[in-house]
Every structure is written in C-alpha cells, then in structure tokens.
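Here the sequence shown is numbered in the numbering used here, starting from 505 and rising by one per residue.
Ideal Cβ positions, reconstructed from N, Cα and C, are used throughout, including at glycine.
Because the structure is a prediction, the values reported are computed rather than measured.
Right, one structure below, let's go through it.
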Amino acid sequence: MLSEQEQIRRNSLAELYKLGINPYPQAAFPVNVFTTDILNQFDDNNPDQFQEVTMAGRIMSRRIMGAASFCELQDSKGRIQLYIKRDEICPGEDKTMYNTVFKRLLDIGDFIGVKGFAFRTQMGEISVHVKELTVLSKSLRPLPIVKEKDGVKYDEFNDPELRYRMRYVDLVVNDRVKDIFIARTRIIDSIRRFFNESGYLEVETPVLQAIPGGATARPFITHHNALDIPMYLRIADELYLKRLIVGGFEGVYEFSRNFRNEGMDRTHNPEFTAMEIYVAYKDYMIERAVTEVLGTDTVKVGDNEICFKRPFKRITMIDSIKEKTGIDITGMDEAQLRDVCKQLGIEVDETMGKGKLIDEIFGEKCEGTYIQPTFITDYPVEMSPLCKRHRNNPELTERFELMVNGKELANAYTELNDPIDQRARFEEQMKLSERGDDEAMFIDQDFLRALEYGMPPTSGMGIGIDRFVMLLTGQTTIQEVLLFPMMRPEKVQKVATPEDFMAIGVPEVWAKVLCANGYTSVEKLKEEKSTALREKLNGLRKKNKMEVPALQLEEVEAWLQ
C-alpha cells in the first residue's frame, strides 16, 4: 500500500507524462564537471572559468521562492547550490518548466541535469546559475531528510538494520559511508600494486568446487544438474593456488570471494573477501598498505590506537596460553585438554579433537587481548593440517597468525609439500569428520596427486580483507565495510485491505481512502482519536472532491469501538 507521499509522487509522474516530458529519458546526458571541481577550483579573479558547465545529480534540498529559487544538487563527488531563475530556464512565453515542473512536480531525490555557469552569491557561496534544466529520473519514494542545526543533525538515517538492508539509501544520505568503500578500493589496490611490482601473478580459481578444501569450515552445498553431483561454494582458494606453484609459477595470489556456512556477528559474514598469496612472506606488506592508504602507520579503532610500525611482538601459541591462563598445555592429550577447558569454563563437545580444543582455549582466553599487532607462532600440528612441521619440534608447525585489535588479521605458514605427510593429515581430518565435526577437511585426491609431482618449498599468507578494511577505516562491525552484508529475511508486515476495514463497519468508499492514506492495519486505525480522524477524512473528502456526505462523529466512533 502506497503512503501519501508515494501517491503524490506517482501523481506528479503522471502529470509529467501529460506534459510530454519523459521522466526516464533514453538519451545520455554527458557531464563536463563535478561539484568538487567547481568548489575546489573556482577563482573569483578568473571570469572565464566554469562558464559552460554541464552537471547532473539528485536534488537534495529546495528553497522555492517566486521567480527565482535555490536547490542543492548532489553528484557522485559532493554537493553544490543551484540558482534557478524562471526567465532563464523558460526564455519564451511558456513558463511551464519552472512554474509547474520545477516548483510543483519535482521532489527531493529526483535526478536532473543542468547547464549554466559558476558564480559566487552575495552570501559568498559558490553556486551554479542554471540556464537549462532537464528531468533525468523521477524518484517515487521520498528519501530520509537529515536536518542540521548548529552543527547537530536530526532525523538521521542511522538505524543499522535499515542502513545495511537499504545501502542505496545509506550511500545517498550519509556522506561518510561512501568514503569507507573508496578507502576499501584503495587498500586492495595498494596490496595488488605491491604484489605486481614484486613480480607475482594475480590469478582466478574456481568458486564452485567438487571438494571444499583449504580450510576447516562448514561449506555451502549445491547441486550440479548436468553432472548430477554435489558441489560446494569455495571456503578457501589455497589448494588451487598451490597447484599453480606445482605447475611452475614462482608466486601467485588471488583476491577471492569465499563462503562459509557459519554464524554471523560483528566480525563474521558468510560471504567474505580474502587475499591469499603463495611465495616467500614479506611481513612489511601490511605496514606499506596502511601507510599508503592513511599516510601514517597508526590507526584509531574505537578507544584503541593501533600502530603498524615494525617489529611486531611475537609469541608462541603455547606460551600465549600459559601467559594468559597460567596453564602449560605442552604435551597434553585430548582428555587432559578437555579437563583444562572444563577448569577454564570453556564449553566443548565430543566432536572436538586436540586441535579444536586448543583453538577454543586460545580463542576464549587469549585472542581478544592482543590489541597491538602480534604474531602468534608455532601452532600445534593438530590445528594446521596443511602446514609443514616445525624444523625443531615435530609436534608444532611453522605457522603464524597476525592478531590485531583482538582478531585474526593474517594467517601464514610454511606450506606442507610432503605428499605422504599430507595424506596422513587428511586422514586424521576424516576421523574427526566421522566423529561429527562438520568443519573437518575432505581428502582432496587430486591435490595429493599434484603434490606427488613435487612442490618446491613454499610460504603462504592469507589476509581477511574485510577485517583489514575495518581496522584502517576505524569500523567496529564487518557490516560497515560490506556494501551488501548478509541480512536476515525482511519481515513483511501484512497490510490491511479495504475488506479488513469494511469488516468493522467502515463503508467501502472510506475503506479505500484509509488504505490509500497509510492505514496499514485495523489496530493502527483504532489508535486514532475519533474527532481527529473525522477531521482528517473530511479534509480528504473536500480536497479530493469526493461525492459522499461528510462523516459524522457518531459514524467514526462506531468504527473505533
């Protein structure tokens, strides 16, 4: 059911068509300048500058006066004031474009194209004097109007549920949001440029896979009809990138969209972006990306100021657990680790093996304490089925994770290239799967075959791009750095029909009026005061010239009983 504002805009749309104006024209409208070009470069001493500008954008505010008016135009770069004079855009006898189209049929949110010249008003504001105006697109829904007075904003569009679900509106009315995504692109470009300059090759690997490998995670499952086989959305691209190292590439990397059928919270989204690279690890890449994007190696996130200046602190996982809990888990078996979890109040289940138990202890008691960049090194072998054993201790692996602001930012290790050891690790994962661990890895026979052809010593690294962007833009939730984060299904409220109102005694003609004017339920109608409702409906009767008798108070009171 349309609101009153939506109905008014549709009426304006119909009037535009009647005037012979197509509100959605097919022709292109090439622009030659952006708002920021004029605002940043306008020079009062250069009268020939910006004398023939062509711009396009949304109307974001209007001050309608007599024969001249002002409005604010927003394009992809910013906003600028327009000065629109009746006799300028309507030089002939016909003043319809100004008196009817601009003043009455256009609304905030509509797209227009203008031609004119830049000037400075008597109040000192750089503006564009419009000579021609073209309707480019009629908006049928009103935008949220953010008001500002004395530096304080009112009626902001700041409800997270609405902002994430209607990102298109969020981008229009909240200027800072676009800046986050511009920064995201710059961050990715910085990483890509560094790798390209280092001689590494960007590649693409399959998103749809027969075996979901490269990580311990629950996959999304689908079905390939032509082959009649189950398929999985990628959880990681590691095993395909390693195949390319086997094939002879020195270094390869990929920015991949990965999918994990797991929970959603402030730092997890089922669909996310990761960057994985397989060559010798260069730990200064992160510092360089931060410096290039921000111009500094320090970033503030919430109350925490984080410095990416090297060297980063290093501590082994076992020492970290000992430091934070006072318990040394060195050499403990599964039963002993379960006792430790119970002692620490950590909830576990029977499907968890040694690796999962250690991971739970670290995640609950250690991970969130590392605010400044810290390398957690030497992970137990049970936690790292794709990583080479430590050269000095076969119970550990040559792996590290970079923790920043209490979360994993990067994961890197010396890649396991022994096909016999890799097969044994996969088989251990299968045992966990048989115990009910739905995140355990599958055995990828083709990957094992590739390793048997020989893979050179290789180092790999993965970075969670979304979390990296969160850090560098000072955001505390992953939804703020995803244009379209996963959302729960939208609750659609059942809207009352005329029949619903007729069931409580409202005549059919008035039932239709109620539906057309935003009464979405009988309950909402009954919240009204009878006298106020009578006055409102009789006002609509007069405005719309309805050929029905005026409503009496007794009639309305009967509806609301």
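Who are the near neighbours of residue i in its chain, counting only those whose CB is closer than 7 Å to its CB and skipping five residues on each side?
{"i": "Asn-909", "result": "Val-805, Asn-808, Ile-810, Ile-875 and Leu-975"}
{"i": "Asn-765", "result": "Arg-722, Pro-723, Phe-724 and Pro-774"}
{"i": "Leu-640", "result": "Pro-529, Phe-533, Ala-560, Phe-615, Ile-616 and Gly-617"}
{"i": "Ser-565", "result": "Cys-575, Glu-576 and Ile-612"}
{"i": "Glu-592", "result": "Val-634 and Lys-635"}
{"i": "Val-1017", "result": "Leu-1041 and Leu-1044"}
{"i": "Gln-585", "result": "Phe-574, Glu-576, Glu-629 and Ser-631"}
{"i": "Lys-682", "result": "Leu-675"}
{"i": "Lys-786", "result": "Residue placement at Lys-786 is flagged as unreliable, the pLDDT there being 43, under the threshold of 50; the coordinate-derived value follows with that caveat. Hits under 7 Å: none found."}
{"i": "Ile-831", "result": "Ile-825 and Val-844"}
Which word fits residue i, buried or exposed, when buried means at least 16 other C-beta atoms lie within 10 angstroms of its C-beta?
{"i": "Met-627", "result": "exposed"}
{"i": "Phe-988", "result": "exposed"}
{"i": "Gln-509", "result": "exposed"}
{"i": "Ala-531", "result": "exposed"}
{"i": "Met-789", "result": "Here the model assigns Met-789 a pLDDT of 47, short of 50, so the residue's position is not dependable and the matter cannot be decided."}
{"i": "Thr-1001", "result": "exposed"}
{"i": "Tyr-672", "result": "exposed"}
{"i": "Leu-1057", "result": "exposed"}
{"i": "Pro-898", "result": "exposed"}
{"i": "His-894", "result": "buried"}
{"i": "Asp-741", "result": "buried"}
{"i": "Tyr-521", "result": "exposed"}
{"i": "Glu-1035", "result": "For clarity, residue 1035 is Thr in the given sequence; the question names Glu instead. Exposed is the call here."}
Tell me residue i's beta-bridge partners as DSSP assigns them.
{"i": "Met-735", "result": "Thr-726"}
{"i": "Leu-525", "result": "Looking at the sequence shown, residue 525 is not Leu but Ile. Answer by DSSP bridge pairing: none, since Ile-525 is not bridged."}
{"i": "Tyr-917", "result": "Arg-903 and Gly-964"}
{"i": "Glu-780", "result": "Glu-758 and Gly-966"}
{"i": "Gln-1101", "result": "What the structure shows of the chain is the stretch from 505 to 1065, and residue 1101 is not part of that stretch, so it cannot be assessed."}
{"i": "Lys-804", "result": "Glu-809"}
{"i": "Gly-617", "result": "Ala-560 and Thr-638"}
{"i": "Leu-705", "result": "Val-756"}
{"i": "Phe-574", "result": "Arg-567 and Tyr-587"}
{"i": "Ala-622", "result": "Val-632"}
{"i": "Lys-911", "result": "Val-908"}
{"i": "Tyr-658", "result": "Lys-651"}
{"i": "Arg-697", "result": "None; Arg-697 has no bridge partner."}
{"i": "Glu-775", "result": "Phe-763"}
{"i": "Arg-818", "result": "Phe-879"}
Check the C-beta distance from residue i over to residue j and give it rounded, since I have them as a contact under 8 Å.
{"i": "Leu-1066", "j": "Phe-879", "result": "What is shown of the chain runs 505 to 1065, which leaves residue 1066 out entirely."}
{"i": "Ile-781", "j": "Gly-964", "result": "7 Å"}
{"i": "Gly-620", "j": "Val-632", "result": "5 Å"}
{"i": "Leu-936", "j": "Gly-867", "result": "Not a contact, Cβ separation roughly 18 Å."}
{"i": "Thr-771", "j": "Ile-969", "result": "Wrong, their Cβ atoms sit about 13 Å apart, outside the cutoff."}
{"i": "Arg-624", "j": "Asp-679", "result": "So it is not a contact: roughly 23 Å between Cβ atoms."}
{"i": "Met-821", "j": "Tyr-883", "result": "5 Å"}
{"i": "Gly-966", "j": "Ala-778", "result": "6 Å"}
{"i": "Val-985", "j": "Arg-688", "result": "6 Å"}
Got a sec? Which residues, its chain only, sit under 6 Å from residue i by beta carbon, not counting five neighbours each side?
{"i": "Lys-1049", "result": "none"}
{"i": "Ser-1025", "result": "Ala-1000"}
{"i": "Lys-892", "result": "Glu-902, Thr-918 and Leu-920"}
Residues in its own chain within less than 8 Å of residue i by CB, not counting five upstream and five downstream?
{"i": "Leu-644", "result": "Glu-510, Arg-513, Arg-514 and Leu-517"}
{"i": "Thr-726", "result": "Leu-712, Pro-734, Met-735, Tyr-736 and Leu-737"}
Between which two residues does the beta strand (DSSP E) harbouring residue i extend?
{"i": "Ile-924", "result": "Looking at the DSSP string, Ile-924 is not in any beta strand (DSSP E); the run it does join, the alpha helix (DSSP H), is 923-938."}
{"i": "Met-907", "result": "903-908"}
{"i": "Ile-588", "result": "583-589"}
{"i": "Ala-839", "result": "Taken as a continuous stretch (DSSP letters only), Ala-839 belongs to no beta strand (DSSP E), being part of the alpha helix (DSSP H) at 838-848."}
{"i": "Lys-892", "result": "Element bounds for Lys-892: n/a, residue is neither H nor E."}
{"i": "Phe-879", "result": "878-881"}
{"i": "Lys-1040", "result": "No beta strand (DSSP E) contains Lys-1040, which is instead part of the alpha helix (DSSP H) from 1034-1047."}
Go to residue i, then tell me how far its alpha helix (DSSP H) extends in each direction, as first and last residue.
{"i": "Arg-1076", "result": "Absent from the model: residue 1076. The displayed extent of the chain is 505 to 1065, so no value can be given."}
{"i": "Ile-862", "result": "858-869"}
{"i": "Ile-825", "result": "821-829"}
{"i": "Phe-546", "result": "That residue, Phe-546, is in no alpha helix (DSSP H); it is neither H nor E in DSSP."}
{"i": "Val-1017", "result": "1012-1020"}
{"i": "Pro-1002", "result": "1002-1006"}
{"i": "Lys-746", "result": "742-750"}
Is the beta carbon of residue i within less than 6 Å of some heavy atom of the ligand ZN?
{"i": "Lys-911", "result": "Annotation note on the ligand ZN: not contained in the displayed structure, which lists no ligands."}
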